[in-house]
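Asks: In this note's numbering, the protein residues as written are 294 to 594.
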């Protein structure tokens with residue numbers, strides 16, 4: 294099984310200690326602890342207020358540069374909080390990449406909040422309003438915004454990955470007959486060509502949505518994959534993370550969508566959910582495993 298999340302280098306608290314002492318000495322005396330890591334970055338809490346993210350692979354460093362350029366201005370235009378990098382670190386000694394720190398956003402990631410379908414349905418309207426505001430933001434206002442260079446909605450490429458992941462998970466005993474999910478593939482034309490006229494988050498799933506203690510949507514994080522692309526890409530989170538009973542509420546809040554955009558969003562949800570599940574199994578993240586399995590249940594036809 295391929296593991297695209299494997300790190301290029303180890304990043305630990307000792308590395309952070311050196312970087313803070315040299316570049317941000319005003320923070321060096323604060324307590325710090327490891328929080329979590331994903332495919333691209335390792336996250337630490339510094340004091341009670343600051344999240345520092347350090348890339349763990351070259352791709353993560355490139356994505357962070359996109360965040361640093363985008364988020365300060367974008368944060369002023371959206372109806373939910375997003376990170377605003379305030380500390381921007383530079384390569385130093387044997388650490389080769391830029392890194393950043395931002396004020397901690399309150400809330401817990403949706404995949405760890407243990408919300409049932411009834412509570413998740415309440416996220417549909419604010420999520421719809423948020424994505425409408427994001428997708429209506431002119432891409433021309435961000436001249437350095439990249440295009441999709443990762444074939445995120447390439448039906449043949451991603452469809453082959455879906456088949457591979459279904460086979461991996463079937464071998465692990467986590468899924469059975471793949472036909473309920475193959476019907477999602479059949480809904481998207483093989484010659485589909487994604488648009489590139491919309492500012493999209495690019496990696497929107499339950500781990501990147503924050504909810505507060507009441508279960509209300511309160512933030513959106515991890516913007517490294519943002520680009521000028523197809524709005525259908527961000528619709529995947531609706532299919533994967535919300536019950537079908539909430540879809541009409543989302544669409545009313547978001548605005549007009551074509552049937553094809555909606556189906557492509559479901560295609561994206563299937564690919565993301567399989568990747569989340571395989572990744573969660575590989576790194577031993579129970580919350581992501583549960584999220585991935587529940588998402589697949591929602592997507593089965």
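Even glycine gets a Cβ: it sits at the ideal position worked out from N, Cα and C. Only a predicted model underlies this, so the values are computations on that prediction, with no experimental measurement involved.
Indicate whether residue 502 and residue 403 have their beta-carbon atoms separated by less than 7 Å.
Replies: Annotated as proximal: residue 502 and residue 403, with beta-carbon spacing under 7 Å.
Asks: According to DSSP, is residue 587 part of a helix, a strand, or is it coil?
Replies: helix
Asks: Can you tell me whether DSSP reads residue 343 as helix, strand or coil?
Replies: strand
Asks: Whose C-alpha, out of 307, 394, 352, is nearest the C-alpha of residue 383?
Replies: Residue 383 has its Cα closest to that of 394, out of 307, 394, 352.
Asks: Could you give the C-beta distance for residue 300 and residue 350, rounded to a whole number, given that I count them as a contact under 8 Å?
Replies: 6 Å
Asks: Does the structure place the stretch 364 to 378 close enough to the stretch 529 to 544 that three or more beta carbon pairs sit under 8 Å?
Replies: no
Asks: What does the alpha-carbon distance come out to for the pair residue 298 and residue 557?
Replies: 25 Å
Asks: Measuring alpha carbon to alpha carbon, tell me which of 570, 548, 542, 448 ends up nearest residue 416.
Replies: 542
Asks: Can you list the alpha helix (DSSP H) stretches of 4 or more residues lying completely in the stretch 543 to 590, in chain order?
Replies: 552 to 576
Asks: Would you kindly check if the distance between the Cβ of residue 493 and the Cβ of residue 448 is under 7 Å?
Replies: No, Cβ-Cβ distance for residue 448 and residue 493 is not below 7 Å.
Asks: Check whether the stretch 560 to 580 and the stretch 453 to 470 touch, using three or more Cβ-Cβ pairs below 8 Å as the test.
Replies: Cβ pair count under 8 Å is three or more, so yes.
Asks: Can you name, in chain order, every residue of its own chain whose Cβ lies under 6 Å from the Cβ of residue 423, other than the five neighbours on each side?
Replies: 372, 373
Asks: I'd like to know if the stretch 385 to 401 and the stretch 346 to 363 are in contact, where contact means that at least 3 CB-CB pairs between them fall below 8 Å.
Replies: yes
Asks: Quick one: Cα of residue 437 to Cα of residue 591, how far?
Replies: 37 Å
Asks: Pull the bridge partners of residue 383 from the DSSP assignment, please.
Replies: Per DSSP, none; premise fails for residue 383.
Asks: Whose CA, out of 453, 319, 484, 379, lies closest to the CA of residue 474?
Replies: 453
Asks: Using only alpha-carbon positions, find the residue among 483, 407, 465 that is nearest to residue 505.
Replies: Cα-wise, what sits closest to residue 505 is 407.
Asks: Could you check where the alpha helix (DSSP H) with residue 421 kicks off and where it finishes?
Replies: 417 to 428
Asks: Please confirm whether residue 363 and residue 435 have their CB atoms less than 7 Å apart.
Replies: yes
Asks: Check each candidate in 368, 497, 513 and name the one with the smallest Cα separation from residue 379.
Replies: Looking at the Cα atoms, 368 is the closest of the given residues.
Asks: Quick check on DSSP: helix, strand or coil for residue 334?
Replies: Three-state DSSP puts residue 334 in a strand.
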